[in-house]
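Notes follow once the structure below has been shown.
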Amino acid sequence: DAGVIQSPRHEVTEMGQEVTLRCKPISGHDYLFWYRQTMMRGLELLIYFNNNVPIDDSGMPEDRFSAKMPNASFSTLKIQPSEPRDSAVYFCASSFGSEPQHFGDGTRLSIL
Amino acid sequence: SQKIEQNSEALNIQEGKTATLTCNYTNYSPAYLQWYRQDPGRGPVFLLLIRENEKEKRKERLKVTFDTTLKQSLFHITASQPADSATYLCALSMDSSYKLIFGSGTRLLVRP
């Protein structure tokens, strides 16, 4: 079985540019989560979806961040405009109901 | 304020010994507590889940305890192996929510 697939694995871009991170959850999973991990703040939940509908976006840091899930097999996290403090590893995870979450291997984002 | 605390210093032990990792929390009333393993450059991988009404859970060489009075969980790896070297994260989830709140993790090093 393919796990959660994230792309790109690494992204380096300049401040002010738009960044789009992509996630393909495990087939059949009905929950999708976006996290951010930094040394200072650890692993933080940004937003999660149930059946493609955003349920809780209270962790999204500000309006520059947006997430969409147009269908059950694809989600995006966008940052526009990007800032150096957005540099982090961004993880996507999926689960079926209340079963444990399965994580992708993340996108390492560097904003110069 | 709400906090989840794990030892920030690495735990360094000899192969064959039992590793014990600690997760303390304040001002939370979790319904579940989960432990994840994270290797460098990879996403967290689920290991064990324990419910608030359970005292102990075992899986092969792993054991988790959950003391809601002390607000603490202990994670044990018996007969540790160098392959167990990784960062271990605890995560809380509350009733009727699929949100996970992660601790900062403890790095375990098992010397051959």
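Those protein sequence lines, which keep their order, are chains A and B. The numbering of the first sequence is our numbering, which starts it at 1 and goes up by one. The numbering of the second sequence is our numbering, which starts it at 1001 and goes up by one. Every residue, glycine too, gets a C-beta built ideally from N, C-alpha and C.
Worksheet item: With burial defined as no fewer than 16 other Cβ atoms inside 10 Å of the residue's Cβ, what is the status of His10 of chain A: buried or exposed?
Response: exposed
Fill in: 7 Å Cβ cut-off: residues of chain A touching Gln1034 of chain B
Pro100
Worksheet item: Do you know whose CA, among B:Phe1102, B:Ser1008, B:Asp1039 and B:Glu1005, lies nearest Asp105 of chain A's CA?
Response: B:Asp1039
Worksheet item: In the DSSP assignment, what are the bridge partners of Asn50 of chain A?
Response: A:Tyr31 and A:Val53
Discussion item. Just to make sure I have the definition right: I need the residues of chain B whose C-beta is within less than 9 Å of the C-beta of Phe103 of chain A. Which are they?
Written reply: Tyr1036, Gln1038, Arg1042, Gly1043, Pro1044, Val1045 and Phe1046
Item to complete: Taking C-beta pairs closer than 9 Å, name the residues in chain B that Leu45 of chain A reaches, listed in chain order.
Response: Lys1099, Leu1100, Ile1101 and Phe1102
Worksheet item: Which residues of chain A have a Cβ atom closer than 9 Å to the Cβ of Gly1105 of chain B, listed in chain order?
Response: Gly42 and Leu43
Discussion item. List, in chain order, every chain A residue whose beta-carbon is nearer than 7 Å to that of Leu1049 of chain B.
Written reply: Pro100
Discussion item. Are the CB atoms of Lys1055 of chain B and Thr1026 of chain B within a distance shorter than 8 Å?
Written reply: no
Worksheet item: With a Cβ-Cβ cutoff of 8 Å, do Thr1087 of chain B and Arg1107 of chain B count as a contact?
Response: yes
Worksheet item: Quick one: is Leu1108 of chain B near chain A, going by C-beta distance under 8 Å?
Response: no
Fill in: Cβ neighbour criterion (16 or more within 10 Å) applied to Pro1112 of chain B
exposed
Worksheet entry | 9 Å Cβ cut-off: residues of chain B touching Tyr48 of chain A | Tyr1098 and Lys1099
Worksheet item: Taking the beta strand (DSSP E) that Met69 of chain A falls in, what are its first and last residues?
Response: Phe65 to Asn71
Worksheet item: Can you check whether the CB of Val89 of chain A is closer than 8 Å to the CB of Pro17 of chain A?
Response: Per the sequence presented here, residue 17 of chain A reads as Gln, with Pro not at that position. Cβ distance not < 8 Å, so Gln17 of chain A and Val89 of chain A don't count as in contact.
Worksheet entry | Pairwise C-alpha distance: Ser27 of chain A and His102 of chain A | 12 Å
Worksheet item: Closer than 8 Å, CB to CB, is Gly106 of chain A near chain B or not?
Response: yes
Worksheet item: So which residues of chain A does Thr1021 of chain B contact, with C-beta pairs closer than 8 Å?
Response: The sequence shown places Leu at residue 1021 of chain B, not Thr. By Cβ distance, chain A contributes nothing, its closest Cβ being about 15 Å from Leu1021 of chain B, past 8 Å.
Worksheet item: My guess is that Phe91 of chain A and Gly1105 of chain B are in contact by the Cβ rule of under 8 Å, so how many angstroms apart are they, rounded?
Response: Contact flag wrong, Cβ pair sits at about 13 Å.
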